[in-house]
Structures are given as C-alpha cells and as structure tokens.
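Enquirer: Numbering follows UniProt numbering, in which position 81 of the sequence shown is assigned residue number 81; successive positions increment by one, without gaps. Heads up, the beta-carbon is just placed ideally off N, CA and C, and yes, glycines get one too. Quick one: structure below, then a few questions.
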Amino acid sequence: MTGQFTFRSDIYSFGVVLLELITRMKTIDSTKERKDQNLVGWRNFPKMVDPLIQGQYPVRGLYQALAAMCVQEQPNMRHVISDVVLALNFF
Numbered sequence: 001m002t003g004q005f006t007f008r009s010d011i012y013s014f015g016v017v018l019l020e021l022i023t024r025m026k027t028i029d030s031t032k033e034r035k036d037q038n039l040v041g042w043r044n045f046p047k048m049v050d051p052l053i054q055g056q057y058p059v060r061g062l063y064q065a066l067a068a069m070c071v072q073e074q075p076n077m078r079h080v081i082s083d084v085v086l087a088l089n090f091f
C-alpha cells in the first residue's frame, strides 16, 4: 500500500500467490462485481478453493496460512516467513 518493500510485504505477496494457487483465480478480476473483484478481500476461503482440490486439505491450516499469517491488512499483524513455513508443514 505504501510502495515500500519490506519483509512484511513479501509475506503478503506470498499469501496472495498461495491464494491464487489454491483458488485458481486472479488476484484482481474486473469481470466480477466491484465488491468481489479483489481476491484478497474475500474471507470465505473454504468456498473459494478450487473444486479439483476440494476437501483434500485441512481447513484450519488454510485459515492459519492465509488469513491469520499472510494477508493481514496491517503489516505488523503478518507473521515472519519461518512461522508461515512451519504452519504449511502441518498440511
């Protein structure tokens, strides 16, 4: 948001890429309604998961890795990458 790159912005970017992989959706999709155009703004992660992998992942892990650790709006709320990797190891 500030245009400055930090370790915390890298965590956010990682979370966005992970979200794109899990959902097979674009980060910004201007073909959707305005409120649904930004993928990161969606919070119903289990319903967003690509149907091809539906049910083949731990829902709690998905929330931890994405919502709680990576894509928090406030940078100081994002975890360091070692915490994210540790959480992903439990998948």
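Quick check: what's the CA-CA separation for K26 versus C70?
Expert: As a first step, residue 26 is located in the sequence shown; it is residue number 26 there, counting from the start. As a first step, residue 70 is located in the sequence shown; it is residue number 70 there, counting from the start. Approximately 17 Å, taken between the alpha carbons.
Enquirer: Assuming the contact rule is C-beta atoms closer than 8 Å, V49 and I22 should be a hit. Round their C-beta distance to whole Å, please.
Expert: Taking the sequence shown and counting its residues from 1, one reaches residue 49 at position 49. Taking the sequence shown and counting its residues from 1, one reaches residue 22 at position 22. At roughly 6 Å, the Cβ-Cβ gap stays under 8 Å, so V49 and I22 are in contact.
Enquirer: Work out the CA separation of Q72 and residue 120 for me, nearest whole Å.
Expert: Nothing can be reported for residue 120: it is not among the residues displayed for the chain, which extend from 1 to 91.
Enquirer: For the alpha helix (DSSP H) holding V71, just list the boundary residues, first then last.
Expert: Here the question's residue 71 lines up with position 71 in the sequence shown. Neither: V71 is in no alpha helix (DSSP H) and is coded neither H nor E.
Enquirer: Tell me which same chain residues have a C-beta within less than 8 Å of the C-beta of F14, skipping the five on either side of it?
Expert: By 1-based counting over the sequence shown, the position of residue 14 is 14. Cβ within range, chain order: C70, I81, V84.
Enquirer: For I11, count neighbouring Cβ atoms within 10 angstroms of its own Cβ and tell me buried if that reaches 16, exposed if not.
Expert: Taking the first residue of the sequence shown as position 1, residue 11 is located at position 11. Classification for I11: buried.
Enquirer: Please work out which residues of its chain come closer than 6 Å, Cβ to Cβ, to P75, disregarding the five sequence neighbours upstream and downstream, and give them in chain order.
Expert: Taking the sequence shown and counting its residues from 1, one reaches residue 75 at position 75. Hits under 6 Å: R8.
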